[in-house]
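**Student:** Residues 1 to 423 (UniProt numbering) make up the sequence shown, in order.
Backbone N, C-alpha and C fix where the C-beta goes; we use that ideal spot for every residue, glycine too.
Would you mind keeping the following structure in view while I ask a few things?
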Amino acid sequence: MTILLTLAAMFALLLARVPVAFALGGLGLAMLLLGGFSPLMAPQAILSTLDGFILLAVPLFLLMSNILLRAGVGNDLFAAVSAWVGHWPGGLAVATILSCGVFAAISGSSVATAATIGTVAIPEMINRGYNKKFVYGLLAAGGTLGILIPPSIPMIIYGFVTEESVISLFLAGIGPGIALLIFFILFSMVYARMGGQEREPKQGWAERRRATLKALPAVILAVLIISGIYSGAFTPTEAAAIGFAASLIITGPIMRVLTWDALKKAVFDSMATTVAIILIIAGAKIFGKAITLYRIPQDISMMITQGIDTDLGFILVVTAVLLVMGLVFEALSMVLIMTPVLLPAALALGFDPIWFGVYMVIMVECALITPPVGLNLYVIQSVAKARLGEVASGVAPFLILMFVTAAILYVWHDLALYIPFKL
């Protein structure tokens with residue numbers, strides 16, 4: 001009964017358009033008061049959370065990705081990739097997905113990836129005769145690679161909540177991220193061939209070299225961040241700081257494309273997003289403290305483990321729960337709220353916490369492109385000046401490919417675990 005009342009109160013607050021952070025924090029505080037617990041537990045929970053060193057990576061990665069977005073680095077990146085693969089079947093679509101993958105490896109942000117590449121790729125593909133719905137779906141889905149291909153802000157939050165190694169989570173995201181990238185590329189090529197899409201003319205070596213040199217700073221930045229993290233040269237937080245500093249140098253003195261106005265907008269956008277994230281984390285921490293005192297996670301874990309005696313049954317329940325939650329919650333709220341609830345049951349059934357984190361991130365990706373709260377849908381709608389229905393209908397085949405990737409990950413755990421633990 002406590003679980004049902006808590007869920008009902010949460011959904012009532014959200015339907016009343018109460019911001020997620022205040023809905024979580026307010027409900028958590030009310031539960032503390034009604035349960036006879038000290039309200040001082042709320043500020044104590046917030047202070048114990050927000051002094052985490054790993055959380056510094058979030059605003060720094062956001063700053064870096066917003067600087068790259070405002071400086072127009074996506075244009076050079078898309079042009080370079082198009083010069084190499086544009087003559088393939090569905091070449092521009094392939095270039096779009098590859099550009100999303102590379103930018104994802106720099107920014108760690110799904111929204112930034114969708115906005116940066118979408119600004120360049122959407123008009124280019126539509127002018128070349130690609131179906132609008134396909135283009136919108138491709139960019140919305142391609143943007144989700146930003147939270148799977150490391151670095152990934154949701155993985156940082158998951159590692160923070162579970163106290164698991166963020167580097168191990170980053171490494172575990174490589175296999176599924178590449179698999180999803182390949183599936184998107186293959187589908188795009190088949191779609192273009194079946195639709196009779198004309199191929200682009202093959203670029204000469206001089207054009208390829210010129211385009212590659214213009215995009216080289218962005219590629220170097222991606223290599224710097226990834227190699228630094230995986231070699232152990234610096235932590236994810238240090239990588240974010242180095243990436244931010246490097247993005248300033250690359251877009252400022254080297255490329256000379258970052259203006260003061262663009263920098264100011266990047267700082268303010270990053271600040272607004274960071275404040276929203278911190279408020280959600282603070283609210284989720286109060287809510288998490290309250291439900292822990294009420295033993296709700298333990299009760300749910302017991303209900304799941306007693307009622308479900310197979311791994312597949314548990315994963316199907318997790319998938320259904322996360323998809324339903326994704327209808328009303330954005331990505332970070334889902335990770336913060338559902339991880340303490342679902343992880344105990346996952347551990348009781350023998351699932352690896354790193355593997356489970358990657359599976360959750362894939363489900364969060366699906367939530368990013370499902371209405372009504374799919375942030376990537378709104379980003380693409382804003383960039384393309386399109387109707388939300390057009391964008392939502394275009395993501396359907398890519399959503400199916402995400403489910404296929406999740407199914408493969410369930411059957412073959414090493415898709416995620418081989419790199420961090422066996423290489």
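Straight-line CA distance for R209 to I153?
**Tutor:** Each residue's Cα considered, the two are about 33 Å apart.
**Student:** Three or more beta-carbon pairs under 8 Å between the region 215 to 225 and the region 102 to 109, yes or no?
**Tutor:** Cβ pair count under 8 Å is three or more, so yes.
**Student:** Identify whether A386 lies in helix, strand or coil by the three-state DSSP scheme.
**Tutor:** Three-state DSSP puts A386 in coil, outside helix and strand.
**Student:** Taking its Cβ as the centre, do 16 or more other Cβ atoms sit within 10 Å of K289, making it buried, or is it exposed?
**Tutor:** Per the 10 Å Cβ criterion, buried.
**Student:** Which of the three DSSP states is assigned to N127 in this structure?
**Tutor:** Helix at N127.
**Student:** Using 8 Å for Cβ pairs, my map puts S393 next to K133. What's the rounded Cβ distance?
**Tutor:** Between K133 and S393 the Cβ distance is about 6 Å, and since that is below 8 Å, they are a contact.
**Student:** For L347, is the beta carbon positioned less than 8 Å from some heavy atom of the ligand SAH?
**Tutor:** Ligands are entirely absent from the displayed structure, and the ligand SAH is therefore not among its contents.
**Student:** In or out: D352 buried (at least 16 other Cβ within 10 Å) or exposed?
**Tutor:** D352 is buried by the Cβ-count criterion.
**Student:** Please return the same chain residues whose Cβ sits closer than 7 Å to the Cβ of E390, not counting the five positions on each side in sequence.
**Tutor:** Within the same chain, E390 has close Cβ partners K132, K133, Y136.
**Student:** In three-state DSSP terms, what is A16?
**Tutor:** Note: A16 maps to coil in three-state DSSP.
**Student:** Look at the alpha carbon of L181 and the alpha carbon of L145, and state the distance between them as a whole number of angstroms.
**Tutor:** Their backbone Cα atoms lie some 8 Å apart in a straight line.
**Student:** Within a Cβ cutoff of 7 Å, which residues of the same chain sit near W84, ignoring the five residues on either side of it in sequence?
**Tutor:** Excluding positions up to five away in sequence, the list reads R208.
**Student:** In whole angstroms, give me the CA-to-CA distance for G196 and Y130.
**Tutor:** Computed Cα separation, rounded: 10 Å.
**Student:** For the alpha helix (DSSP H) containing W88, name the first residue and the last one.
**Tutor:** Careful: W88 lies outside any alpha helix (DSSP H) and carries neither H nor E.
**Student:** For I147 versus V411, is the C-beta spacing smaller than 9 Å?
**Tutor:** Against a cut-off of 9 Å, the Cβ pair of V411 and I147 comes out as no contact.
**Student:** Which runs of the beta strand (DSSP E), 3 residues or longer, sit entirely within the region 329 to 408?
**Tutor:** Listed in chain order, nothing qualifies, since the region 329 to 408 has no complete beta strand (DSSP E) run of 3 or more residues.
**Student:** Which residue from E238, I167, Y359 puts its Cα closest to that of P59?
**Tutor:** Per the Cα distances, E238.
**Student:** Could you tell me the distance, in whole angstroms, from the CA atom of G45 to the CA atom of V318?
**Tutor:** Looking at the sequence shown, residue 45 is not Gly but Ala. Taking the straight line from one Cα to the other gives about 27 Å.
**Student:** With distance defined between alpha-carbon atoms, name the residue in A112, G175, A12 nearest to A23.
**Tutor:** When each option's Cα is compared against that of A23, the closest is A12.
**Student:** I need the DSSP call for S231, collapsed to helix, strand or coil.
**Tutor:** DSSP places S231 in helix when its eight states are reduced to three.
**Student:** In the DSSP assignment, find the alpha helix (DSSP H) that holds R260 and state where it starts and stops.
**Tutor:** It is worth fixing the name first, because residue 260 is Trp in this sequence and not Arg. Where W260 is concerned, the enclosing alpha helix (DSSP H) stretches over 260 to 293.
**Student:** Please report the straight-line C-alpha distance between L316 and G86, rounded to a whole angstrom.
**Tutor:** Distance between the alpha carbons of L316 and G86 is about 39 Å.
**Student:** Using a Cβ distance threshold of 8 Å, determine whether the region 366 to 379 contacts the region 107 to 126, with at least three qualifying pairs required.
**Tutor:** The answer is yes - the region 107 to 126 touches the region 366 to 379, with three or more Cβ pairs under 8 Å.
**Student:** What is the DSSP secondary structure of V257, counted as helix, strand or coil?
**Tutor:** Coil at V257, not helix or strand.
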